[in-house]
Amino acid sequence: MATINIDRLLQAVISQGGSDIHITVGRPPVLRIDGRLRSLETKVLEPDDTTALMKSITPEKNQQELQEEGGTDFGFTYGEAGRFRVSVFRQKGNVTMVLRLIPSKILSFDEIGLPKICAALCRRPRGLFLVTGPTGSGKTTTLATMVNYINENLDRHIITIEEPIEYYHSHKKSIINQREVGIDVPSFTEALRRVLRMDPDVILVGELRDLETIEAALRAAETGHLVFSTLHTTSAAGTITRIIDVFPVNQQEQIRIQLGSNLMAVLSQVLCPLATGKGRIAGYEFMVVTPAIANLIRENKTYRIDSSIQTGRKLGMQLLDDHLWQLYEIGKITMAEMLDKARLPGALHDKATARLRTLKPHERPTEEEDFGPILRT
Numbered sequence: 009m010a011t012i013n014i015d016r017l018l019q020a021v022i023s024q025g026g027s028d029i030h031i032t033v034g035r036p037p038v039l040r041i042d043g044r045l046r047s048l049e050t051k052v053l054e055p056d057d058t059t060a061l062m063k064s065i066t067p068e069k070n071q072q073e074l075q076e077e078g079g080t081d082f083g084f085t086y087g088e089a090g091r092f093r094v095s096v097f098r099q100k101g102n103v104t105m106v107l108r109l110i111p112s113k114i115l116s117f118d119e120i121g122l123p124k125i126c127a128a129l130c131r132r133p134r135g136l137f138l139v140t141g142p143t144g145s146g147k148t149t150t151l152a153t154m155v156n157y158i159n160e161n162l163d164r165h166i167i168t169i170e171e172p173i174e175y176y177h178s179h180k181k182s183i184i185n186q187r188e189v190g191i192d193v194p195s196f197t198e199a200l201r202r203v204l205r206m207d208p209d210v211i212l213v214g215e216l217r218d219l220e221t222i223e224a225a226l227r228a229a230e231t232g233h234l235v236f237s238t239l240h241t242t243s244a245a246g247t248i249t250r251i252i253d254v255f256p257v258n259q260q261e262q263i264r265i266q267l268g269s270n271l272m273a274v275l276s277q278v279l280c281p282l283a284t285g286k287g288r289i290a291g292y293e294f295m296v297v298t299p300a301i302a303n304l305i306r307e308n309k310t311y312r313i314d315s316s317i318q319t320g321r322k323l324g325m326q327l328l329d330d331h332l333w334q335l336y337e338i339g340k341i342t343m344a345e346m347l348d349k350a351r352l353p354g355a356l357h358d359k360a361t362a363r364l365r366t367l368k369p370h371e372r373p374t375e376e377e378d379f380g381p382i383l384r385t
């Protein structure tokens, strides 16, 4: 019975255009569609239901990890539709699951709105390219697009280190080998320790989660490899600060020098629901490390990076708030959404208020649909 139920739930995510499904005791299954949560019209789940649903899809090894550690992660393929990344955990003694749909179709640069220069950066022989943003902001999709571009256009040996593997890539013009932490290799640290002996050209590390991983990624970039990875930071300058702060004070100057020499670009992104209510669009902050920005990193002047990004528009650089403003101005996102995702919402609010004063009464959006509750809190 559980298998039928899980199949129906997975099918519902796909048919309704959802990104995630939440399975927890005390509520019906809940889909996340365009960033918002929607309950399915089915029964409220009981402890036996969530346990049965978990057992119907969770490998034995992961069930054991759930028992011992209280949580486990894995991925599985679901027909032609794509893969699901699954997080299973206990709460209040009950089993809870969150499944994220990883579509089988890999999008192009144009389809996800990436800056044009990203294609040129993917052709570089060495350097560290970081894609950052909060959980669920599309970092994995962006990385899959860049890896696919290299795979289709260049003859490279690509190695990915992921936990779990999300997008499956097949060999095209490049050779691509994907290693799953916990199945193919015990840890990120072990995978990175061995990767340089595998004659790689391009290395994708799922996440820079600790000092050892960051050190290994920088070493790989320094020794002539193109390295892609992610961090949960929300700005280019903040990404540099976060990396440096991971290290002990006596190592920080050396890390600044390494970052200044090897960091190639930082792409920070957020996902915003479209003003129409259907679909989402990415807002980007994009920094290419020019000699001037490399000097700012080495000299510990990250507070001046934002102004360097503003003057680097010809390279496709932009600040997140400037891109959010553009999306708002052309009617793609509401003001409430722009202010919710902005780094400096106060400045954007003042700018938007000044713009609204220039509009005729019939051209102005209503406060409810545009300003939203955010401005009243």
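Just so we're aligned, residue 9 is where the sequence shown starts under the numbering used here, counting upward by one.
Where is the CB? At the ideal position from N, CA and C, for every residue including glycine.
Just so you know, these numbers come straight off a predicted model, no measurement behind them.
Sorted by chain position, which residues of the same chain lie with C-beta nearer than 8 Å to residue i's C-beta, five sequence neighbours on each side aside?
| i | result |
| --- | --- |
| TYR311 | ALA245 |
| GLU170 | GLN186, ARG187, GLU188, VAL189, LEU212, GLY214 |
| LEU45 | HIS30, VAL38, LEU39 |
Measuring only the C-alpha atoms, how far is residue i from residue j?
| i | j | result |
| --- | --- | --- |
| VAL193 | VAL296 | 33 Å |
| HIS177 | ASN156 | 7 Å |
| ILE184 | ASP207 | 12 Å |
| MET272 | LEU364 | 39 Å |
| ALA355 | LEU347 | 9 Å |
| PRO436 | HIS240 | Since the first residue of the chain shown is 9 and the last is 385, residue 436 is not available in this structure. |
| SER269 | GLN259 | 16 Å |
| GLN266 | ILE222 | 11 Å |
| GLY87 | PRO111 | 11 Å |
| THR247 | GLY291 | 17 Å |
| ASN330 | PRO172 | Just to set this straight, residue 330 is Asp in the shown sequence, not Asn. Cα to Cα, ASP330 sits roughly 34 Å from PRO172. |
| GLY388 | SER195 | The first residue shown for the chain is 9 and the last is 385, placing residue 388 beyond what the model contains. |
| GLY285 | ASP28 | 17 Å |
| GLU377 | LYS322 | For GLU377, the predicted structure reports a pLDDT of 43, less than 50, and the residue's modelled location is therefore unreliable. The matter cannot be settled from this model. |
| ARG306 | LEU115 | 36 Å |
| GLY135 | VAL235 | 6 Å |
| LEU204 | VAL274 | 23 Å |
| GLN72 | ILE317 | 48 Å |
| GLN262 | GLY146 | 32 Å |
| LEU327 | VAL139 | 14 Å |
| GLU77 | ILE65 | 18 Å |
| LEU17 | LEU109 | 12 Å |
| LYS180 | PRO133 | 19 Å |
| PRO353 | SER276 | 17 Å |
Whose C-beta lies closer than 7 Å to the C-beta of residue i among residues of the same chain, with five residues either side of it excluded?
| i | result |
| --- | --- |
| ILE31 | PRO37, LEU53, THR58, LEU61, THR104, MET105 |
| ASN308 | ARG264 |
| GLY25 | ILE41 |
| ARG288 | ASP42, GLY43, LEU279, CYS280, PRO281, LEU282 |
Can you name, in chain order, every residue of its own chain whose Cβ lies under 6 Å from the Cβ of residue i, other than the five neighbours on each side?
| i | result |
| --- | --- |
| THR197 | GLU220 |
| ALA89 | ILE22 |
| SER47 | PRO36, VAL38 |
| THR148 | GLU174 |
Quick check on the DSSP output: the beta strand (DSSP E) that includes residue i runs from which residue to which?
| i | result |
| --- | --- |
| GLU188 | 183 to 188 |
| SER64 | Taken as a continuous stretch (DSSP letters only), SER64 belongs to no beta strand (DSSP E), being part of the alpha helix (DSSP H) at 55 to 65. |
| LEU356 | Note, LEU356: premise wrong, no beta strand (DSSP E); alpha helix (DSSP H) at 353 to 366. |
| GLN99 | 90 to 99 |
| LEU386 | Shown here, the chain extends from 9 to 385; a query on residue 386 therefore has no answer. |
| LEU335 | Unbroken run through LEU335 is the alpha helix (DSSP H), 328 to 337; no beta strand (DSSP E). |
| LEU39 | 38 to 41 |
| THR80 | 79 to 86 |
| ILE31 | 28 to 31 |
Quick one: is the Cβ of residue i within less than 7 Å of any heavy atom of the ligand MG?
| i | result |
| --- | --- |
| GLU198 | Annotation note on the ligand MG: not contained in the displayed structure, which lists no ligands. |
Can you give me the start and stop residues for the alpha helix (DSSP H) that residue i sits inside?
| i | result |
| --- | --- |
| ILE313 | 313 to 318 |
| SER23 | 10 to 23 |
| GLU170 | Unbroken run through GLU170 is the beta strand (DSSP E), 165 to 170; no alpha helix (DSSP H). |
| ALA344 | 343 to 349 |
Any C-beta of chain D sitting closer than 8 Å to the C-beta of residue i?
| i | result |
| --- | --- |
| ALA152 | The structure shown has no chain D; it contains just one protein chain. |
For this session: Examine the Cβ distances between the region 229 to 236 and the region 95 to 102 and report whether three or more of them are shorter than 8 Å.
Result: no
Exercise. Taking three-plus beta-carbon pairs below 8 Å as touching, is the region 280 to 294 in contact with the region 337 to 348?
Worked result: yes
Exercise. When the Cβ atoms of the region 72 to 90 are set against those of the region 114 to 129, are three or more pairs found closer than 8 Å?
Worked result: no
Exercise. Can you list the alpha helix (DSSP H) stretches of 4 or more residues lying completely in the region 110 to 155, in chain order?
Worked result: 117 to 120, 125 to 130
Problem set entry | 4 or more residues per run - each alpha helix (DSSP H) lying fully within the region 249 to 302 | 257 to 270
For this session: Could you name each continuous alpha helix (DSSP H) segment of 4 residues or more that falls completely within the region 176 to 250, going from the start of the chain to the end?
Result: 196 to 203, 219 to 230
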